[in-house]
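**Q** Going by full-length UniProt numbering, the first residue of the sequence shown is number 1, and it counts up by one from there.
Each residue gets a CB set at the ideal place from its N, CA and C atoms; glycine is no exception.
One structure coming up, written as structure tokens, with questions to follow.
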Amino acid sequence: MILLDTHILIWAATDDPRLTPKARQMIESALDNGQPVHFSAISLAEVAIKASLAKKSLGVEPDDLRRASLEGGLRELPFVGAHAVALRALPLHEDHKDPHDRMLVAQAQVEGLQLVTADAKLERYGSAVLYLKSR
1 MILLDTHILI WAATDDPRLT PKARQMIESA LDNGQPVHFS AISLAEVAIK
51 ASLAKKSLGV EPDDLRRASL EGGLRELPFV GAHAVALRAL PLHEDHKDPH
101 DRMLVAQAQV EGLQLVTADA KLERYGSAVL YLKSR
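Dropping the structure here:
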């Protein structure tokens with residue numbers, strides 16, 4: 001069972017060419033076989049926060065991303081207390097302090113999911129992370 005990192009979720013929803021064929025095939029195969037593919041409420045919050053701060057356009061609005069994800073058969077994973085508590089045990093790396101990424105890793109660990117990402121910095125969080133290079 002997998003959890004999609006925010007950029008993987010966006011790339012899948014927008015047919016972005018940075019999503020590798022391997023990643024796309026993994027998502028489609030899981031869905032075709034009735035295996036749950038999750039996206040996090042944290043990803044929606046990240047998109048909303050970045051849009052409201054005008055930090056950068058991620059190319060999609062959070063409500064559109066949520067709707068497309070649900071219509072595409074993905075399951076929404078809420079962020080709950082057990083996920084928040086798990087953050088305490090995650091190592092803090094000097095060159096990687098992104099709170100959204102850390103929350104996604106904590107969710108993956110607690111829920112027994114693999115976080116599918118193209119962010120090499122997340123690899124060091126161990127078996128809860130599946131790193132797939134982007135194009």
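With contact counted as at least three CB pairs below 8 Å, one residue from each stretch, are the stretch 37-44 and the stretch 55-70 in contact?
**A** yes
**Q** Considering only C-alpha positions, which residue in the set Y125, L104, D32, E94 is nearest to L9?
**A** L104
**Q** Counting only runs that start and end within the stretch 84-121, where is the beta strand (DSSP E) found for 3 or more residues in a row?
**A** Every beta strand (DSSP E) of 3 residues or more that sits fully in the stretch 84-121 is shown, in chain order, as 114-117.
**Q** Is there contact here, the stretch 89-96 with the stretch 116-124, by at least three beta-carbon pairs under 8 Å?
**A** yes
**Q** Are there 16 or more other CB atoms within 10 angstroms of the CB of A89, so buried, or fewer, so exposed?
**A** exposed
**Q** I'd like the span of the alpha helix (DSSP H) that includes V47, first residue to last.
**A** 41-52
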